[in-house]
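Input: a single structure, listed below in structure tokens.
In our numbering, the protein residues as written are 193 to 345.
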């Protein structure tokens, strides 16, 4: 009888664990996605001053379906640089309508003290960083519109 009770308790605990693992999504941390045609990027958001300054610095790798989206308060010219960035990136500037207005493709890392800034010729509200070369593989071009599924707040 004791073995049966222990077995039932074990099954109940295992079932609860399985249920929580499979069905419990954390509503306080939504999954941020950006879509271009059939391509989906899972992105980290950079909104605070610290996140905006750090970006993807010191990352040793980045999956081709991942990236970082920088969200600014208003449209302006936002220069970027590759200081302490260890991997090449495609840097994509987007306006308020989420249209690509400027790109720096396969931007190499910079390991010097005086890294050159990449200065777009158009204002933007968002900047997307993805793995270098991915924008060419999926044929991203100036004027393309991306769809965001993000929590900007």
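The beta carbon of each residue, even a glycine, is placed where N, CA and C say it ideally should be.
Bear in mind the structure is a predicted one, so any value in this text is a computation, not a measurement.
For residue 311, the closest C-alpha among the options 242, 299, 322 is that of 299. Taking C-beta atoms as the reference points, residue 263 and residue 317 count as a pair closer than 9 Å. Counting only residues of its own chain and dropping the five nearest sequence neighbours on each side, residue 227 has a CB closer than 6 Å to the CB of 339.
Spatial neighbours of residue 250 in its own chain (CB-CB distance under 7 Å, excluding positions within 5 residues in sequence) are listed in chain order as 276, 278.
Straight through space, the alpha carbons of residue 320 and residue 341 are spaced by roughly 14 Å.
Under DSSP, residue 291 takes part in a beta bridge, and its partners are 337.
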